[in-house]
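Below is one structure; the comments refer to it alone.
2 protein chains.
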Amino acid sequence: MDLYSNKDKFYVAVDCIIFGFDNEKLKLLVFNRKIDPFIGSLSLIGSFVKIGESVSDASIRILKEFTGLENVYMKELKTYSSVDRDPGYRCISVAQYALIYVNDTINKLVEEKGAKWYEIDNVPELILDHNEMTIDALKRIEQIARYKPIGFELLPKKFTLPKLQKLYEAIYRRKLDPRNFRKKILSFDIIIKLEEKDRTGSKKGAFLYKFDHTKYKKLQKSGFDFEI
Amino acid sequence: MDLYSNKDKFYVAVDCIIFGFDNEKLKLLVFNRKIDPFIGSLSLIGSFVKIGESVSDASIRILKEFTGLENVYMKELKTYSSVDRDPGYRCISVAQYALIYVNDTINKLVEEKGAKWYEIDNVPELILDHNEMTIDALKRIEQIARYKPIGFELLPKKFTLPKLQKLYEAIYRRKLDPRNFRKKILSFDIIIKLEEKDRTGSKKGAFLYKFDHTKYKKLQKSGFDFEI
DNA sequence: TCAAAAGTGTTAGTTCTACACCCATGG
DNA sequence: CCATGGGTGTAGAACTAACACTTTTGA
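Given below as structure tokens:
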């Protein structure tokens, strides 16, 4: 007699809530489904976990399959498991969220695969509980951004302070004072000023900075408080 | 041709990391397994999700089956899904954590079922990845306590400020200044002082308070910051 | 009457907020 | 030479942290 033999089994899916920061706006990556079920409808990027992979492996694989994106910082949001969440099948989904800094390369990849960015205040109706997932993920990102320098890790390797500020403004959905923002950020002592300037944003140009992972890890261990 | 027919299915388990606050200490509820696999070993309270219930329904049912406890505030921690996490079977587990205020009734229930409390700094070796889950849950509780009045919600309906302080001290693992703690807590304006005193803690007795759920909900909506 | 816990006020230091102006540059 | 965004200093308000004493009462 095997303990497991009479236990139920489930399809396990992963759905990825991918936020992109593009043109000073926060956007959601939405996929136009080319397969059944729900062919033609809009949905998050998602698929089934395979028996030989972990949920997070699956989310990496699925994101790559659907968008070509790799090395994306993705975190588990939570599981969605209502009995009737998918009317077709009993399936639980482990939602994952990510925030990426959109550039031309990424946009090209995404377009090729038929995915599309929607501004966060203008997300269309998605299948199943995907709108709910999106709302939950937004809340989570706002929350996380309060105690982790989520912004830094997600910007390109080199970034300017005005860009970083725009990112936080997009996440918090409010304007921040540039003097205070700058002071605050620099006080954490986890970014390093470079010699170079980025002149795409203005004539004067803004100095580029890079994230200091070593210092950040040290700070993290001593349990510091990150609050913009 | 059915999209789902060639997809893999998984056993889905729930493991409950139940922290108890008892005698001014934070403790973990551990179960002495009476069934295979791992009979005789120590583990968290956990079992399999059934096809007709959601993960959170399962966690409520499982907690009750194993401990008799009901109406416990339980939250999802995260999923554990490494391919080799359970050497016997491919099974993913959705860990849930809770923090409860232990009293005699609870202790009796728990003892009857053969479960046992261990002080948090003295947790024995548990099966599988249960020690990892415990560590992750502890971190989560510390984190959550920073921005939610987790303490209030988990104390009995009526509680004293010294007791609340002890709870926060247990969670943060450090002493707090009673003057400052009191000021801070009262400044949130989400607890109501009662006429009664609790004299179990001292001769003088400490005034009882109750949590003001209505005010708290309002505050929450306006996105307030809770920080002890 | 005294031990033990409950309860209170103040001050110095820190951090936050709000605000206005100069800088560097390409067009 | 000027429009545009980048960059800085400061003062008042709010908050935090650190501290010592009084109150109540049962044993």
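So the sequence lines, in the order shown, correspond to chains A and B.
Every letter in the first sequence is one number past the one before it in full-length UniProt numbering, and letter 31, counting from 1, is 31.
Every letter in the second sequence is one number past the one before it in full-length UniProt numbering, and letter 6, counting from 1, is 6.
Ideal placement from N, C-alpha and C gives every residue a C-beta, glycine not left out.
Exposed or buried, what is residue i when buried is set at 16 or more other beta-carbons lying within 10 Å of its beta-carbon?
i: VAL83(A); result: exposed
i: LYS217(B); result: exposed
i: ASP177(A); result: exposed
i: THR105(B); result: exposed
i: TYR80(A); result: buried
i: THR200(B); result: exposed
i: ASP189(B); result: exposed
i: ILE35(A); result: exposed
i: HIS130(B); result: buried
i: GLU227(B); result: exposed
i: GLU70(A); result: exposed
i: SER56(B); result: buried
i: ILE187(B); result: Reading off the sequence, residue 187(B) comes out as Ser, not Ile. By the 10 Å Cβ count, SER187(B) comes out exposed.
i: residue 267(B); result: Any property of residue 267(B) remains undetermined from this structure, which presents chain B solely from 1 to 228.
i: LYS221(B); result: exposed
i: THR214(B); result: exposed
i: GLU76(B); result: buried
i: LYS163(A); result: buried
Helix, strand or coil: how does DSSP classify residue i here?
i: LEU44(B); result: coil
i: GLY20(A); result: strand
i: ILE120(B); result: helix
i: LEU28(A); result: strand
i: LYS184(A); result: helix
i: PHE207(A); result: strand
i: ASP2(A); result: Its pLDDT being 49, under 50, ASP2(A) is placed unreliably by the model, and nothing is read from it.
i: TYR147(B); result: helix
i: LEU77(A); result: strand
i: LYS193(A); result: strand
i: ASP57(B); result: helix
i: PHE10(B); result: strand
i: LYS139(B); result: helix
i: LYS163(A); result: helix
i: LYS158(B); result: strand
Rounded C-beta distance between residue i and residue j? I'm assuming under 8 Å.
i: GLY20(A); j: LYS27(A); result: 5 Å
i: SER202(A); j: LEU126(A); result: SER202(A) to LEU126(A), Cβ: 38 Å. No contact.
i: LYS25(B); j: GLU119(B); result: 6 Å
i: VAL14(B); j: GLY52(B); result: VAL14(B) to GLY52(B), Cβ: 14 Å. No contact.
i: LEU154(B); j: ILE100(B); result: 6 Å
i: ILE92(B); j: VAL12(A); result: 6 Å
So which of the options has the shortest CA-CA distance to residue i?
i: LYS197(B); options: TYR216(B), TYR209(B), ASP136(B) and PRO87(B); result: TYR209(B)
i: ILE171(A); options: LEU161(A), ILE150(A) and ASP177(A); result: ILE150(A)
i: ILE17(B); options: MET133(B), ALA115(B) and ARG33(B); result: MET133(B)
i: ALA122(A); options: ILE135(A), LYS113(A), GLY114(A) and LEU128(A); result: The amino acid occupying residue 122(A) in the given sequence is Asn; Ala does not appear at that position. Of ILE135(A), LYS113(A), GLY114(A) and LEU128(A), the residue nearest in Cα terms is ILE135(A).
i: ILE144(A); options: ALA98(A), LYS204(A), PRO37(A) and VAL12(A); result: ALA98(A)
i: ALA206(A); options: LYS108(A), TYR168(A), HIS130(A) and LYS158(A); result: LYS158(A)
i: PHE66(B); options: LEU164(B), ARG174(B), ARG85(B) and VAL30(B); result: VAL30(B)
i: PHE48(B); options: ARG90(B), ASP212(B), LYS221(B) and LYS184(B); result: ARG90(B)
i: LYS102(A); options: VAL72(A), ARG61(A) and GLY88(A); result: One point to set straight first is that residue 102(A) is Val, not Lys, in the sequence displayed. Closest option to VAL102(A), Cα to Cα, is VAL72(A).
i: ALA95(A); options: ALA58(A), ARG173(A) and LYS116(A); result: ALA58(A)
i: LYS64(A); options: LEU128(A), GLN165(A) and VAL110(A); result: VAL110(A)
i: PHE38(A); options: GLY88(A), ALA137(A) and LEU138(A); result: GLY88(A)
i: ARG23(B); options: LYS113(B), ASN6(B), LYS50(B) and TRP117(B); result: Checking the sequence shown, residue 23(B) turns out to be Asn, not Arg. Checked all of LYS113(B), ASN6(B), LYS50(B) and TRP117(B); the closest Cα to ASN23(B) is TRP117(B).
i: LYS78(B); options: ARG140(B), LYS184(B), PHE181(B) and LYS7(B); result: ARG140(B)
i: THR160(B); options: ALA137(B), LYS193(B) and LYS108(B); result: LYS193(B)
i: LYS148(B); options: ILE185(B), ARG173(B) and LYS175(B); result: ILE185(B)
i: ARG174(A); options: GLU142(A), ALA137(A), PRO124(A) and MET74(A); result: GLU142(A)
Ignoring anything shorter than 4 residues or poking outside the segment 85-116 of chain B, list the alpha helix (DSSP H) runs there in chain order. 104-112
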